[in-house]
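Student:
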Amino acid sequence: MENIKAKKKYGQNFLKDDSILHKIIEAMPNNENHTVEIGPGLGDLTQHMLKYKDVTAYEIDSDLLTVLQSKFANEIQSRKLELIHTDVLQIWKSKNTLYDGKYDLIANLPYYIATNIILSAIEDSNCEHIIVMIQKEVAQKFAANEGEKEFSSLGVMTKLTSKEAKILFDVPPTAFEPPPKVTSSILYIKKDLNNSLDDEFKSFLKAAFTQPRKKLSKNLSSKIDKTLLKEIYLALNIDENIRPHELSASLYHQMYEKVILNDKRKRN
């Protein structure tokens, strides 16, 4: 390993287990998509991916950037690798995408911004597959099904925008240097590029899961008139005692559509 210490402020934990790296490579989709990596670290995963695809890698740490520029000088010169020194969330804010063309996001993500990165990738219409290593508890939320206690707004959004979402395998702390305090998981999402969610729906979901263990109707009463809520429950045959994690993603969407329809009627 290069003489570089992981920095806490960037949530760095360098993956050192070769068998895990090979399993991530095996999970790469066999397609013509470009590959984008966020936080390449010391470039171990990058090195493996470059055998199969051209890669655009985003690195925020200038010390690591120097290491990567030296390690991959030939690949950068031949344009197999594009190394960009920036904060990806800022790129998403300004350009809405990390690559001008269809791409797959494959990365070992820093825990502290993993959720924001995945949500941004879900919204990015150029991103088709997401294969990322993140904290297991967060991965479970994205991959959860209705009825499971981990099912939250993240699970609803994933269900409505993807064809498939699952945890491929877990990664123990010992696979990293330094070892994190938690178990990690590899999350796989295959997006449905025809589907997207508007900000109002996300706001509706946020209200629905305000207090996850309370009744859904209690949470939504802050946002929706109680009489209308009763009508919607009746029309969609929803149990009045249902909790937020028990309702399916499609029913959340149908509820939202009825709220929007009601708003339109009011305006006309």
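Adding 105 to a residue's 1-based position in the sequence shown gives its number in our numbering. Yeah, the Cβ is synthetic: ideal placement off N, Cα and C, and Gly gets one too.
Please report how far the alpha carbon of Ala178 lies from the alpha carbon of Glu282, in whole angstroms.
Tutor: On the sequence shown, position 73 is the one that residue 178 refers to. On the sequence shown, position 177 is the one that residue 282 refers to. When rounded, the distance between both Cα atoms is 25 angstroms.
Student: Find the nearest neighbour of Val141 within the set Asn201, Cys232, Leu302 and Leu341, judged by alpha-carbon distance.
Tutor: One-based indexing of the sequence shown puts residue 141 at position 36. Nearest option by C-alpha distance: Cys232.
Student: Given a threshold of 16 other Cβ atoms within 10 Å of its Cβ, counted over all protein chains shown, does Arg348 qualify as buried or as exposed?
Tutor: By 1-based counting over the sequence shown, the position of residue 348 is 243. Arg348 comes out buried.
Student: If we ignore side chains and look at the alpha-carbon of each, how far apart do Leu203 and Ala280 end up?
Tutor: Translated into positions along the sequence shown, residue 203 becomes position 98. Translated into positions along the sequence shown, residue 280 becomes position 175. C-alpha separation (whole angstroms): 28 angstroms.
Student: Helix, strand or coil for Gln240, going by three-state DSSP, please let me know.
Tutor: Reading the sequence shown from its first residue, position 135 is the one you call residue 240. In the structure shown, Gln240 sits in a strand (DSSP, three-state: E or B).
Student: I'd like to check one pair, Leu186 with Val160: are the Cβ atoms closer than 8 angstroms?
Tutor: If you number the sequence shown from 1, residue 160 lands on position 55. If you number the sequence shown from 1, residue 186 lands on position 81. Cβ atoms of Val160 and Leu186: closer than 8 angstroms.
Student: From this set, Leu147, Met154 and Pro145, which residue's C-alpha is nearest Asn138's C-alpha?
Tutor: Taking the sequence shown and counting its residues from 1, the one referred to as residue 138 is at position 33. If we check each option's Cα against that of Asn138, Met154 comes out closest.
Student: DSSP three-state call for Leu150: helix, strand or coil?
Tutor: Walking along the sequence shown from the start, residue 150 turns up at place 45. The answer is helix: DSSP assigns Leu150 an H, G or I state.
Student: Quick check on Ser225: buried or exposed, where buried means 16 or more other Cβ atoms within 10 Å of its Cβ?
Tutor: In the sequence shown, counting from the first residue as 1, residue 225 sits at position 120. Ser225 comes out buried.
Student: Count the C-beta pairs between the segment 236–248 and the segment 284–293 that are closer than 8 angstroms, then say yes if the count reaches three, no if not.
Tutor: Yes, the segment 236–248 is in contact with the segment 284–293.
Student: Determine the closest residue to Thr266 out of Ile235, Ile272, Asp275 and Gln245, with distance taken between C-alpha atoms.
Tutor: Working through the sequence shown from its first residue, we reach residue 266 at position 161. The residue with the shortest Cα to Cα distance from Thr266 is Ile235.
Student: Name the two residues that bound the continuous alpha helix (DSSP H) containing Asp168.
Tutor: Locating residue 168 in the sequence shown gives position 63, counting from the first residue. Run containing Asp168: Ser167 to Lys176, per the alpha helix (DSSP H) assignment.
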